[in-house]
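Colleague: Would you mind keeping the following structure in view while I ask a few things?
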Amino acid sequence: MSFPAYGVNGVTEDHLVLFNSPVTEVYLCFDSDQAGKDGATQAAEQLQKKGITVYTIELPDKDITIYFNRHTPEEFEQLLKAANPASVEQSDSLNKRKQTLYQQEEHGFTVGYATRQYQVKGIQRGDTQLKATIKVSEDVSSSKPFELTTIDLYSSRSRHWFAKLCADLFAEPEALIKEDLAKLLQLVEQWRPEKQEQQHTEISAGDKELALSFLKSDDIFAALLTDFDTLGVTGEKINKLVGYLAATSRKLAEPLSVLIQSRSAAGKSTLQDAIISLIPR
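Shown next as structure tokens:
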């Protein structure tokens, strides 16, 4: 956050109270003329007496308003780094851990940290296992060098082995890759497939009229037996009709139940499949 000073001598007691305990570092950005430089020196001394570390930004333009009219935020960031060179190392460390991508996919997701991308698919959950197939690359959608394997993320040994592979691939410290995998583990645990909208089959008016006509016909049983014969299931008239009747009751509050029993290889599955094929989904 930023706070305005009231002129070059405008760091007041109110500012000092505001900079109590949570604030440990302050960047001063005063005008670049001599009065501004003297004011920055005086403000720095006030803040340092409060135990606050002070960094002074040297502007190439007269004041901050003129500077931002002529320069970009990225150029101002370079001034911040010049004022505190130690922040460059800290910034690089943060950038290496920054999440740069998350893309939900049909069978998993792709996540990126800095220039490292992890594409996760085939997630299988168990009581003591969490398996996934992971492709790792600087760009998983390209032909760049990659690693691809299926590992159990709940296995410390598997994560340690995979971290070594990825560290070699990215030329990064193994500790950094282990941080990636810890975050990846949480994402895999949280991942759920996207719910797909159920597709409803629309029946045309002609087909609906034809179906109702069939169901209301006086010779429906004869027609059904003819259809079964066409499907290659002959004989067993009672079994075919009772099976069909039970299947048509599937959406009732109390549907009928049928158990087909016979010796081995007598055609139970053939009869069952034929009945199911005559029932619309």
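Residue numbers (numbering that gives the first Met the number 0): 0 to 280.
Quick reminder that beta carbons are idealized off the backbone N, C-alpha and C, glycines included.
Computed from a predicted model, the values in this text were never measured in an experiment.
Going by beta carbon distance, what residues of the same chain come within less than 8 Å of L175, once the five residues before and after it are set aside?
Modeller: K95, R96 and A166
Colleague: Looking at E137: is its Cβ nearer than 7 Å to the Cβ of T114?
Modeller: In this structure, T114 lies closer than 7 Å to E137 by Cβ.
Colleague: What number of angstroms, rounded off, separates the C-alpha of Q77 from the C-alpha of G38?
Modeller: 23 Å
Colleague: Ordered along the chain, which non-local residues of its own chain (more than five positions away) have a Cβ less than 8 Å from that of F75?
Modeller: For F75, where only same-chain residues beyond five positions count, the Cβ hits under 8 Å are Y66 and F67.
Colleague: Tell me L27's beta-bridge partners as DSSP assigns them.
Modeller: T55
Colleague: Drop a sphere of 10 angstroms on the beta-carbon of I133, count the other beta-carbons inside from all chains shown, and report buried for 16 or more, exposed for fewer.
Modeller: Flag for I133 reads buried.
Colleague: Select from P254, V119 and E73 the residue whose C-alpha is nearest the C-alpha of Q185.
Modeller: V119
Colleague: Would you call A85 buried or exposed, if buried means 16 or more other Cβ atoms sit within 10 Å of its Cβ?
Modeller: exposed
Colleague: Can you check which of these residues, K130, V139, W160 and S140, is closest to L152 by C-alpha distance?
Modeller: That would be K130, whose Cα lies nearest to the Cα of L152.
Colleague: Which whole runs of the beta strand (DSSP E) in the stretch 171 to 204 are 3 residues long or more, in chain order?
Modeller: None, since the stretch 171 to 204 contains no complete beta strand (DSSP E) of that length.
Colleague: With DSSP as the reference, please indicate the residues paired to Q116 in a beta bridge.
Modeller: G111 and S136
Colleague: Could you tell me the distance, in whole angstroms, from the CA atom of I122 to the CA atom of H106?
Modeller: 8 Å
Colleague: Taking E44 as the reference, which of T247, S261, D32 and Y26 has the closest Cα?
Modeller: Ranked by Cα distance from E44, the first of T247, S261, D32 and Y26 is Y26.
Colleague: Check K281 in the structure and name its three-state DSSP category.
Modeller: Residue 281 is absent from the structure shown; the chain starts at 0 and stops at 280.
Colleague: Is L164 near E188, with beta carbons less than 7 Å apart?
Modeller: no
Colleague: Looking at S248: is its Cβ nearer than 7 Å to the Cβ of L255?
Modeller: yes
Colleague: What three-state label does DSSP hand G121 in the structure shown?
Modeller: strand
Colleague: Three-state secondary structure (DSSP) at L102?
Modeller: The residue asked about is misnamed: residue 102 is Gln in this sequence, not Leu. Q102 falls in the strand class under three-state DSSP.
Colleague: So, helix, strand or coil for T71, using DSSP?
Modeller: coil
Colleague: Look at the Cβ atom of Y243, then the Cβ atom of L223, and state whether they are nearer than 7 Å.
Modeller: yes
Colleague: In the DSSP assignment, what are the bridge partners of K130?
Modeller: Q123 and D151
Colleague: Whole-angstrom Cβ separation of L180 and V135, contact assumed at under 8 Å?
Modeller: Between V135 and L180 the Cβ distance is about 10 Å, and since that is not below 8 Å, they are no contact.
Colleague: If you compare alpha carbons, which of S140, T233 and P279 is closest to G111?
Modeller: S140
Colleague: So, using beta-carbon positions, are C28 and I51 closer together than 7 Å?
Modeller: no
Colleague: Taking the alpha-carbon of L183 as reference, which of F213, I259 and Q116 has the nearest alpha-carbon?
Modeller: Q116
Colleague: Is it right to say F161 is buried, meaning 16 or more other beta carbons lie within 10 angstroms of its own, or is it exposed?
Modeller: buried
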